[in-house]
């Protein structure tokens, strides 16, 4: 019985009691992984297989031509597609790290510090969870105009840094850290920055991993800044290019390029979830504990 781990979250070893779960989950896993296999297979198909009838699920003569055509494609304004991909990588990396830092620092302040209007400000953040992005698009546009950020590269990043769900999740997670641990560090001479760097960040890594996934998906798939605030094609991202793909390319000849572009959009989302999914599960397991 000591080795029983059937009900434990992410058990470290296999036990015979887990077999019933595998019998149920294995067929479901095969069914759910089929779209992923199709995306990979579809992007490697030559033109004759893309339009084959009846359609083929698996590629028979894989080729990398679709990716070569994609990277050598220029838009009508003369911007190479690689420029959109580069912009997306820069925007996403900066947004993810900045969002994590801002959410963690604000969560630490709301959880362990006392200041005026603390409860009201956190209530405003909680209220903001109920607003969908389209509901604040007009006031956000006026704010961007007032700040003079129209057609500025930073406008791809700044509107995405405010993540109410990230602040809420981290604040709730930091609440579980004992105040005595913070007080002991202060007695040893640690300042707020040291406590934040050596205690708060390491002990909230599962929540930070969850926020990293949310921030990554929000930034990588975002087309709102490029559509509303940016006029210069060189400053737009790859998600915007994908949204306008059918309007700027031949719909038939561009099927191979579209399949390759869809895979490029999908792979980062898949990789970040694979590497961080265990920490996300730990966040869900501990978010209700006090």
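In UniProt numbering, the protein residues as written are 1 to 290. For each residue, glycine too, the CB sits at the ideal point set by N, CA and C. A quick note: this is a predicted structure, and the numbers were derived from the prediction, not measured.
Integer Cβ distance of residue i from residue j, believed to fall under 8 Å
| i | j | result |
| --- | --- | --- |
| residue 193 | residue 39 | Contact doesn't hold; Cβ gap of about 44 Å is too wide. |
| residue 157 | residue 95 | 5 Å |
| residue 209 | residue 276 | 4 Å |
| residue 201 | residue 104 | 6 Å |
| residue 256 | residue 47 | 6 Å |
| residue 55 | residue 44 | 15 Å between Cβ atoms; not a contact. |
| residue 224 | residue 133 | 7 Å |
Residue j beta carbon less than 9 Å from that of residue i
| i | j | result |
| --- | --- | --- |
| residue 84 | residue 150 | no |
| residue 81 | residue 71 | yes |
| residue 129 | residue 165 | yes |
| residue 185 | residue 199 | yes |
| residue 234 | residue 124 | no |
| residue 262 | residue 69 | no |
| residue 187 | residue 203 | no |
| residue 57 | residue 37 | yes |
| residue 145 | residue 159 | no |
Option in the options with minimal Cα separation from residue i
| i | options | result |
| --- | --- | --- |
| residue 91 | 277, 257 and 236 | 236 |
| residue 226 | 56, 69 and 244 | 244 |
| residue 241 | 28, 87, 16 and 34 | 87 |
| residue 273 | 201, 53, 213 and 256 | 213 |
| residue 89 | 270, 271 and 238 | 238 |
| residue 207 | 174, 232 and 197 | 174 |
| residue 126 | 153, 134 and 162 | 162 |
| residue 232 | 271, 20, 118 and 154 | 154 |
| residue 42 | 14, 66, 22 and 191 | 66 |
Inspect the CB distances between the stretch 92-105 and the stretch 201-220 and report whether three or more fall short of 8 Å.
Segments in contact, yes.
Tell me, please, whether the stretch 168-176 touches the stretch 109-127 by the rule of three or more beta-carbon pairs shorter than 8 Å.
yes
Continuous beta strand (DSSP E) assignments of at least 3 residues falling wholly in the stretch 124-201:
none
Could you tell me which uninterrupted alpha helix (DSSP H) segments, each at least 4 residues in length, are contained entirely in the stretch 233-276, listed from first to last along the chain?
238-243 and 245-248
At 4 residues or longer, what runs of the alpha helix (DSSP H) sit wholly inside the stretch 1-75?
19-43, 47-50 and 65-71
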